[in-house]
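Enquirer: Residue numbers (this note's numbering): 17 to 479. Right, I'll just put the structure down here and ask away after.
So, in C-alpha cells, the structure goes:
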C-alpha cells in the first residue's frame, strides 16, 4: 500500500513537472500525446487564436479546462527591438480593455506603442474631409501596435498557464465534427497525430479548414487589390510629435500613414495589383517620391459635382471644411520593410455548429481601410469567453449548441453592420464615377458638420 501510494505521488509530481517543462511542443513530440483529449482545441496561433487561449485559461469558470493551441509556424521568437515590424494594428478601446484583462497591455506599453490623438480622412478628387478626435481631447482615438509585439505579450502570459499546451509546427490536415458515429470533435495533423476535444475553435484564417469542415456557406470576394506595407521615417520637424493618422482616398484606393513613434510611421497603401507590384519593385528613392506625391497630387474634379456641392453648402448650414493639414514628408524607407498582401472580403453564413466555433478571419474578413479587422476578432474572443463561462457555470457542456448559437447571434449583430459599412466605403471610394464622388463628398461633409453623427461613428470605431 505504501509502495503504491509512493508511486502515485511520484506520478503526480512527474506529470506536474512534465506539464511545466513541455508546454511548448513541436510536431515531432512523442506518440504518447497522440489521440489525447482536450476540452478545447484552438486551430491557429495568430493574434486572435492566442488571445482566446489566454482568455479561456484565465477565466475563473474555465480555468480547469485543458486547452490545446495548434500553430503551423515555428515557436514564436521575440521580435527585434531595433527595427519596427511592417505589420501593425490600430487597437481600439475595447481591444485595449481585453489586452489589459489578459495582463498583456502592461508589457506592450513598457516596450512601445503610439497613441493616435487625431485622424484626418479626405477625398483626393473633391477635397472633402472629416477630422476625428476623441470627445475628450486628452484621450486617444486608437493605439498603433506592432502585431509581433501583441503576440509576444500574449505568449508571455501563456508561459505561466499550465492548462494551455502550445504545439508549434503543427499543421492541421483534417478534422471531424460530431455526428452520429463521432461523439467528439477530432483533428488530425500533417504528422499523423490525432486529438479529440469537446469544442474545436477555428482561428485558422480566411482559408479556414475548420470552416470548410463545418460546411457553412462563405461569401468571399477579392477586391483585386493589394495592401502595400512599409515602415517609414518622417521629417521630424514636420511630424511635430506624430500623433495624427492620415488617410487619403485615391481613385485606386486609400493610402494611410499610421504613427509608430515621434518620427516613424507605418504605411498601408491599398491599390490595384499591377501598381502594388510596381511599388515593390521601385528603388527606395522613387518609392518615397511616389508616396509623397500621393498625398499632394491634384486630381481632376467634375464640374457638376463642384456645382452641386456649392449649391448644397448654400442650401444647408453645413459650414466649410477647415484648411486641410498636410501630412509630414516621408524621408526614408526602413530597409526590408516593404511587403504586400491581397485584400478581400469574406463572411461565413454561420459561426458555429455542434462541436465547433469560428473566430477572427475564419469567420469574417474585411478591408484594412477602417483598421477594424483584428478589433472584430478580439470582440469575438471577449464574447466567446463570456458565453462559454456561462455554459460551464450553468452546468452545461462547452459544445452545447444553444450557448454557441448565443455567441453567434451576439457577434453577428456586432460584426455585420461594421463589415457592410467598410465594404460600402471600399466600393464607394474606389470609383471616380461622378455620382459616387458626389455621394461620398456629401457624406463626408454632412458627417463632419453633424456632431451627433460624427460621435456615432467615433463610438463605433472606439467600441
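Backbone N, C-alpha and C fix where the C-beta goes; we use that ideal spot for every residue, glycine too. The model shown is predicted, which means the values in this text are computed figures rather than measured ones.
May I ask you to report which of helix, strand or coil DSSP gives residue 61?
Expert: Coil, per DSSP.
Enquirer: So residue 77 and residue 405 are supposed to be a Cβ contact under 8 Å. How far apart are they, rounded?
Expert: About 4 Å; that satisfies the 8 Å criterion.
Enquirer: For the pair the segment 196-203 and the segment 344-363, tell me if three or more CB-CB distances fall below 8 Å.
Expert: No, they do not touch.
Enquirer: Give a yes or no on whether the C-beta atoms belonging to residue 415 and residue 273 are separated by under 8 Å.
Expert: Cβ distance not < 8 Å, so residue 415 and residue 273 don't count as in contact.
Enquirer: What are the start and end residues of the beta strand (DSSP E) that includes residue 214?
Expert: Here the beta strand (DSSP E) through residue 214 covers 210-218.
Enquirer: Could you tell me the alpha carbon to alpha carbon distance between residue 448 and residue 267, rounded to whole angstroms?
Expert: In a straight line, the C-alpha of residue 448 is about 6 Å away from that of residue 267.
Enquirer: For residue 265, which residues does DSSP report across the bridge?
Expert: Answer is 139 and 270, bridged to residue 265.
Enquirer: Taking 6 Å as the limit between beta carbons, can you name the residues of its chain near residue 244, skipping five residues before and five after?
Expert: So the list reads 285, 292, 295 and 356, once near-sequence residues are dropped.
Enquirer: Considering only residues of the same chain and omitting the five flanking positions on each side of residue 184, which have a CB-CB separation below 6 Å?
Expert: Excluding residues within five positions, the ones whose Cβ falls inside 6 Å are 42, 87, 90 and 91.
Enquirer: Under 8 Å between the Cβ atoms of residue 102 and residue 246?
Expert: Contact: yes.
Enquirer: So, using beta-carbon positions, are residue 281 and residue 358 closer together than 8 Å?
Expert: No; because the gap between Cβ atoms is not below 8 Å, this pair is not in contact.
Enquirer: Run through the segment 163-201 for me and flag every whole alpha helix (DSSP H) of 4 or more residues, listed as ranges in chain order.
Expert: Whole alpha helix (DSSP H) segments, 4+ residues: 163-174.
Enquirer: Tell me whether residue 302 is buried or exposed, calling it buried when 16 or more other Cβ atoms sit within 10 Å of its Cβ.
Expert: Per the 10 Å Cβ criterion, exposed.
Enquirer: In the DSSP assignment, the beta strand (DSSP E) including residue 277 goes from what residue to what residue?
Expert: First-last for residue 277: undefined, no H or E at that position.
Enquirer: So residue 366 packs on residue 180, CB below 8 Å; how close in whole Å?
Expert: Wrong, their Cβ atoms sit about 27 Å apart, outside the cutoff.
Enquirer: How many angstroms separate the CA atom of residue 463 from the CA atom of residue 451?
Expert: When rounded, the distance between both Cα atoms is 18 Å.
Enquirer: Going by DSSP in three states, residue 242 sits in which element: helix, strand or coil?
Expert: Reduced to three states, the DSSP call for residue 242 is strand.
Enquirer: Going by CA-CA distance only, name the one from 57, 307 and 429 that's closest to residue 213.
Expert: Out of 57, 307 and 429, 57 has the C-alpha closest to the C-alpha of residue 213.
Enquirer: Can you tell me whether residue 235 is buried or exposed, with buried defined as 16 or more other CB within 10 angstroms of its CB?
Expert: Label assigned to residue 235: exposed.
Enquirer: Under the rule that 16 or more other beta-carbon atoms within 10 Å means buried, what is residue 198, buried or exposed?
Expert: Exposed.
Enquirer: Apply the 10 Å Cβ neighbour rule to residue 182 and answer buried if 16 or more other Cβ atoms are within range, or exposed otherwise.
Expert: With 16 or more Cβ atoms within 10 Å of its Cβ, residue 182 is classed as buried.
Enquirer: Mark residue 380 as exposed unless 16 or more other C-beta atoms lie within 10 angstroms of its C-beta, in which case mark it buried.
Expert: Classification for residue 380: buried.
Enquirer: Roughly how many whole angstroms lie between the Cα atoms of residue 12 and residue 446?
Expert: Nothing about residue 12 can be reported from this structure: the residues present for the chain run from 17 to 479 only.
Enquirer: Closest by CA to residue 168, which one among 426, 63 and 442?
Expert: Nearest of 426, 63 and 442 to residue 168, Cα basis: 63.
Enquirer: Taking the CB atoms as reference points, tell me whether residue 82 and residue 100 lie closer together than 8 Å.
Expert: Going by C-beta atoms, residue 82 is not nearer than 8 Å to residue 100.
Enquirer: Around the C-beta of residue 344, are 16 or more other C-beta atoms found within 10 angstroms, so that it is buried, or is it exposed?
Expert: That one is buried.
Enquirer: Beta-carbon within less than 6 Å of residue 342's beta-carbon, same chain only, minus the 5 sequence neighbours each way: which residues are those?
Expert: Excluding residues within five positions, none has a Cβ falling inside 6 Å.
Enquirer: How should residue 275 be labelled, buried or exposed, when 16 other C-beta atoms within 10 angstroms of its C-beta is the threshold for buried?
Expert: When all chains shown are included, residue 275 counts as buried.
Enquirer: On a Cα-Cα basis, can you pick out the residue from 368, 385, 384 and 386 that is closest to residue 378?
Expert: Comparing Cα positions, the closest option is 368.
Enquirer: Flag this pair as touching only if the segment 105-121 and the segment 414-428 have three or more C-beta atom pairs under 8 Å; answer yes or no.
Expert: The answer is no - the segment 414-428 does not touch the segment 105-121, with fewer than three Cβ pairs under 8 Å.
Enquirer: Where does the unbroken beta strand (DSSP E) through residue 113 begin, and where does it stop?
Expert: Note, residue 113: premise wrong, no beta strand (DSSP E); alpha helix (DSSP H) at 109-117.
Enquirer: Note the first and the last residue of the continuous beta strand (DSSP E) segment covering residue 83.
Expert: Start and end: 83-86.
Enquirer: Tell me the DSSP secondary structure of residue 450 in three-state form.
Expert: Residue 450: helix per DSSP, three-state reduction.
Enquirer: Which of the three DSSP states is assigned to residue 414 in this structure?
Expert: Coil at residue 414, not helix or strand.
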